[in-house]
Amino acid sequence: MTTAAATTIKARQRPGDRIFSSATVIAGSVILAMLAAVAIFLLIESLPAFVADPSEFSGDVTNFWSYVGPLVFGTVYSAILALIMAVPVAIGIALFISHFAPRKLAQGLGYLIDLLAAVPSVVFGLWGITVLAPLVQPFYTTLVEWFGWFLPLSGPVSGTGRTILTVSVVLAVMILPIITAICREIFLQTPLLHEEAALALGATRWEMIRMAVLPFGLPGIISASMLGLGRALGETMAVAMVLSPSPEVFFQLLTSQNSNTIAANIALNFPEAHGVGVNILLATGLMLFIVTLLVNMLARVVINSRKAFSGAN
Amino acid sequence: MTSVTEARPLTNSLTAGKLPPRSPLWVLLASWAVAAAFFAMLNLSGAVDGFNVVGTFVFGTVLYCVAIYVLSRLVEGSRKATDRLVTALVTAAFVIALLPLISIIYTTVVNGLPAFLTPTFFTSSQRNVVGAGGGVLHAITGTLLVTGVATLISVPIGLLASIYLVEYGRGRLARAITFFVDVMTGIPSIVAGLFAFALFALLFNDPGIRFGFGGSIALSVLMIPVVVRSSEEMLKLVPNELREAAFALGVPKWLTILKVVLPTSIAGIVTGVMLSIARVIGETAPLLIIAGFTSSMNYDLFSERMMTLPVFVYTQYANQGADSQAYVDRAWAGALTLIVIVMLLNGLARLIAHWFSPKLGR
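Chains A and B are the protein sequences, given in the same order. Position 2 of the first sequence, counting from 1, maps to 2 under this note's numbering, and the rest follow consecutively. Offset between the second sequence (1-based) and this note's numbering: plus 313.
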């Protein structure tokens, strides 16, 4: 037996090595500095908004917090609605690609779903307003007639279909690819032995999925949903184009008065804003940044804590 | 005397009832036929005008789910029935996701082609154009300039950072960079635009600043994390034996990286860069904020507003003039151009990955 040599031999450091390695360190640090800069510069430019004169706000809003409140509500409301629609479908697609589709087709089908992620958001906006909204409007009328006693579905129904529910459908389609991609990765990471053990005990395919795949993938599904939530919170153009907004809190899904989202509000008002108005919009952007940062960090922490098992990211 | 007991017929659960192999297909076709017949009758009776194709397929599929569940439950038992129902639902989820994709591509092509095919569309700008006519040359120029500069900024930083993560990084800094790069992929695009605006408004003390280079900065905030992530994955795929062989020959580490690791993974890195370009080239919100919009040509990234293709689509739709159809047509044609560019980038990237990826021994 030999004892391990205690001294490690250091490679000779040539000038090229030093230059190259410090270049990579600098590049890495630039990324961290960039994230910090985003927060700092947004904060500096937002400060005037917090102490803005009441007359700077439109309508009967008197300070920044009552201005941003309905926007935060609209952002969260539409994003959560989108999530409720997207997650079950995404899990279904991911299961289809990972466990149901023929092996040879599976990868191609995955690309097909990824194509949905490649469509620019402004095209989603055009599609939502010219195709989807008129398509669902008659359906909304029926819903209000039948279920109008239920507050979120109460009337008067929007004549154009440009409601927060339509926006949520568009958002759901937009966040489908990312949730699907992550769920698919995680489902494929399920230990093969677990699946085979379940099948060997006589389980049907669905029972195998329920007993082996879903319990294993649950943390991954949760964090994939949170990443999707982050996307839905920050989506701008589709909402700006489709929604017909009003500056208040509305729970109704199908009327022509809907709470706007932060991002869409910025996009709609920024080109004409001036003076403190610009700072107010920047401050709402800061709020959006903080919310999405928290959601994303939480999702990443959950994913990373499972990384040892799943290898997914 | 022994009494002979009557042998009861054994029910063999292994060969118990099973639907014939093709039965799901036939049940599906039958369900669609029933739904079609129902809607045809509605149509003939005059209750509704026109045959409802969408309704046929939606109700036919729902009918199929019910029929296959009931049939299978009667013949095969409840466990198998649930399995068949889930199979139907999961497949339906996939088809549902394809519908918007097909619908988007179809409407964009149909609505976009008329203006897309006009001779001036790719050869002129919108300057002094009222109503029909004009083109997107200024927007395409702007998109190419802004995205090109964003790529020039993002690729070196992103590539070097991923080299740091794979080849050098150990400990806290590397962990922090990995974590925050992941977090940065989720930054809303409009926040990146607001950041660029806040930065340059402070730097130049101009509260109404709009210029193309700011757009490049905003896009690179969105692009760098994507480049880092994809390059990191590719560098990790390079087998360690190659590095060790180079070290054993006395090659310095930086030359090993430049001459061995990078050439091996270059196809994957190029693919990642192209996919990241495809991701940012369709970004509208940040460019609307910091690059603004104009109807004239502008080749100078550092002064004056600069039009880009996504913003062109948005402004054509949002600010329709007197002859509104012309504006809507141009918006769709711009959207078609954008989709074609993005799909080309995506397809090319996949082809490069397919052709040039290192053949691992598996």
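Cβ coordinates follow ideal geometry from the N, Cα and C atoms, glycine included. Computed from a prediction, not measured in an experiment: that's the story for all the values here.
Length of the line joining the Cα atoms of residue i and residue j
i      : j      : result
F407/B : A101/A : 10 Å
L384/B : A401/B : 14 Å
A666/B : F508/B : 34 Å
Y317/A : I262/A : Past the edges of chain A, shown from 1 to 313, lies residue 317/A, and the structure says nothing about it.
M497/B : L229/A : 15 Å
Y140/A : V541/B : 44 Å
R556/B : I209/A : 41 Å
G311/A : F492/B : Residue placement at G311/A is flagged as unreliable, the pLDDT there being 42, under the threshold of 50; the coordinate-derived value follows with that caveat. Straight-line Cα distance between these residues: approximately 15 Å.
G28/A  : T374/B : 52 Å
L35/A  : I178/A : 22 Å
F370/B : V361/B : 17 Å
P70/A  : T431/B : 45 Å
N304/A : R184/A : 17 Å
Y640/B : V442/B : 11 Å
S354/A : A353/B : Since the first and last residues shown for chain A are 1 and 313, residue 354/A lies out of range.
V403/B : M85/A  : 15 Å
A452/B : I91/A  : 39 Å
A559/B : V573/B : 8 Å
A283/A : G521/B : 16 Å
L355/B : A348/B : 11 Å
Residue i, DSSP secondary structure in three states
i      : result
P334/B : coil
N265/A : helix
N611/B : coil
V443/B : coil
N356/B : helix
S391/B : helix
P70/A  : helix
S616/B : coil
M1/A   : Below a pLDDT of 50, predicted positions are generally treated as unreliable, and M1/A, at 44, falls in that range; no measurement from the model is reported.
N659/B : helix
N304/A : helix
S467/B : helix
N518/B : coil
S58/A  : coil
S246/A : strand
S310/A : Only weak support is given to the placement of S310/A: the predicted model assigns it a pLDDT of 45, under 50, and the value that follows is read from those uncertain coordinates. In the structure shown, S310/A sits in a helix (DSSP, three-state: H, G or I).
Listed by chain order, chain A residues near residue i by CB distance under 9 Å
i      : result
T395/B : T204, W206, E207
T464/B : None at all; the shortest Cβ gap to chain A is about 15 Å.
I579/B : Per Cβ cutoff of 9 Å: no residues; I579/B is ~17 Å from chain A at best.
Contacts that residue i makes with chain B (C-beta to C-beta distance below 8 Å)
i      : result
F100/A : T400, V403, T404
V30/A  : I470, A474
S270/A : Ser is not the amino acid found at residue 270/A; the sequence shown has Phe there. Neighbours of F270/A on chain B, chain order: L601, I602.
H274/A : P520, G521
V123/A : I417, T421, G595, V626, A648, L651, I652
Closer than 8 Å at the beta carbon, the chain A residues around residue i
i      : result
R392/B : T204, E207
Y481/B : S21, T24, V25
Chain A contact residues for residue i, given Cβ-Cβ distances below 7 Å
i      : result
A489/B : L32
I409/B : V89
Chain B contact residues for residue i, given Cβ-Cβ distances below 9 Å
i      : result
M241/A : Y627, Y630, A631
F150/A : None at all; the shortest Cβ gap to chain B is about 23 Å.
Within chain B, the residues that residue i reaches when beta carbons sit closer than 7 Å
i      : result
M237/A : T597, A598, Y627
A118/A : A591, V655, M656, N659
Give a yes or no on contact between the stretch 564-576 of chain B and the stretch 13-27 of chain A, applying the rule of three or more CB pairs nearer than 8 Å.
yes
Count Cβ pairs between the stretch 225-244 of chain A and the stretch 157-169 of chain A that sit closer than 8 Å; are there 3 or more?
yes
Inter-stretch contact at 8 Å, needing at least 3 Cβ pairs: the stretch 596-604 of chain B / the stretch 391-409 of chain B:
no
If contact is defined by three or more beta carbon pairs under 8 Å, each pair taking one atom from either stretch, is the stretch 538-546 of chain B in contact with the stretch 475-489 of chain B?
yes
According to a CB-to-CB cut-off of less than 9 Å, which residues of the stretch 655-671 of chain B neighbour chain A?
V655, M656, L658, N659, R663
Chain A contacts made by the stretch 525-540 of chain B, where a contact means CB separation under 8 Å:
V534, I537, P538
Check whether the stretch 32-48 of chain A touches the stretch 212-228 of chain A, counting contact only when three or more Cβ pairs, one atom from each stretch, lie closer than 8 Å.
no
Short-range partners of chain B found in the stretch 41-55 of chain A, where Cβ spacing is below 7 Å
F41, L42, I44, E45
Give, in chain order, every residue of the stretch 620-636 of chain B whose Cβ lies closer than 7 Å to some Cβ of chain A.
P623, V626, Y627, Y630
Which residues, taken in chain order from the stretch 440-461 of chain B, show a beta carbon closer than 9 Å to some beta carbon of chain A?
none
Do the stretch 636-650 of chain B and the stretch 117-129 of chain A touch if we need at least three Cβ pairs shorter than 8 Å?
yes
Is there contact here, the stretch 652-661 of chain B with the stretch 581-593 of chain B, by at least three beta-carbon pairs under 8 Å?
yes
Interfacial residues, the stretch 279-304 of chain A to chain B, with Cβ spacing under 7 Å
L282, G285, L288, F289, T292, L293, N296, M297, R300
The stretch 103-116 of chain A touching the stretch 412-423 of chain B, judged by at least three CB pairs closer than 8 Å
yes
For the 8 Å Cβ check, are there 3 or more pairs between the stretch 390-399 of chain B and the stretch 198-214 of chain A?
yes
Assess, as a yes-or-no matter, whether the stretch 461-470 of chain B is touched by the stretch 524-531 of chain B under the definition of 3 or more beta carbon pairs within less than 8 Å.
yes
Validate contact between the stretch 77-86 of chain A and the stretch 163-173 of chain A using beta carbons, cut 8 Å, 3 pairs
yes
Of the residues that make up the stretch 359-383 of chain B, which ones have a beta carbon closer than 8 Å to any beta carbon in chain A?
none
Inter-stretch contact (C-beta, 8 Å, three-pair minimum) for the stretch 605-625 of chain B and the stretch 91-101 of chain A:
no
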